[in-house]
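**Q**
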Amino acid sequence: DFSANKYQKADHTLIGGGAGQILDPEMIENALHSVKNPKHTIFLSAVGKPFKQIDAMRLAQKKHVVLVCGRYEGFDERSIELSADEVFCIGDFILTGGELGALCLIDSIARYIQGVLGNA
Numbered sequence: 002d003f004s005a006n007k008y009q010k011a012d013h014t015l016i017g018g019g020a021g022q023i024l025d026p027e028m029i030e031n032a033l034h035s036v037k038n039p040k041h042t043i044f045l046s047a048v049g050k051p052f053k054q055i056d057a058m059r060l061a062q063k064k065h066v067v068l069v070c071g072r073y074e075g076f077d078e079r080s081i082e083l084s085a086d087e088v089f090c091i092g093d094f095i096l097t098g099g100e101l102g103a104l105c106l107i108d109s110i111a112r113y114i115q116g117v118l119g120n121a
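Numbering (our numbering), first residue to last: 2 to 121.
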């Protein structure tokens with residue numbers, strides 16, 4: 002929905018050359034601009050700071066959090082510079098994509114939201 006490419010391509014070759022693909026920075030910007038509510042935008046990346054429990058507690062207080070998951074070789078650095086409020090890493094290992102990392106953050110943050118776990 003957010004790609005400007007007529008074939009709806011989501012990736013680009015690396016600008017400096019080399020193997021791999023990165024997510025289209027224009028597509029990421031278009032997607033983020035479609036979110037109308039004020040948001041706290043988090044990118045998941047191997048170069049981010051380690052996600053800690055204190056971060057989960059703090060983020061549970063935010064009204065709207067948007068998680069941007071990497072794919073392929075990650076993100077064009079411009080996407081992070083323009084849009085990221087924070088960049089997190091979930092560990093010193095490699096996944097095929099950022100979706101599993103996003104699930105870890107969601108689960109960790111959700112447990113601090115009033116009423117999510119009942120009386121637990």
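Ideal Cβ positions, reconstructed from N, Cα and C, are used throughout, including at glycine.
Pull up the CB-CB distance for F44 and V69, whole angstroms please, since I reckon it's below 8 Å.
**A** Indeed they touch by this definition, with Cβ atoms about 5 Å apart.
**Q** Of all the options K40, S35 and G102, which has the alpha carbon lying nearest to the alpha carbon of G49?
**A** It is G102.
**Q** Report yes if the CB atom of L118 is closer than 9 Å to the CB atom of R112, and no otherwise.
**A** Their beta carbons are under 9 Å apart, which means L118 touches R112 by this criterion.
**Q** According to DSSP, is L45 part of a helix, a strand, or is it coil?
**A** Looking at L45 - three-state DSSP - the assignment turns out to be strand.
**Q** Looking at the structure shown, is L68 part of a helix, part of a strand, or coil, going by DSSP?
**A** Looking at L68 - three-state DSSP - the assignment turns out to be strand.
**Q** Ignore the nearest five residues each way along the sequence and tell me which others in E87's own chain have a CB closer than 7 Å to its CB.
**A** The residues are I43.
**Q** Output the distance between the C-alpha atoms of C90 and S80, rounded to the nearest integer angstrom.
**A** Each residue's alpha carbon lies about 16 Å from the other.
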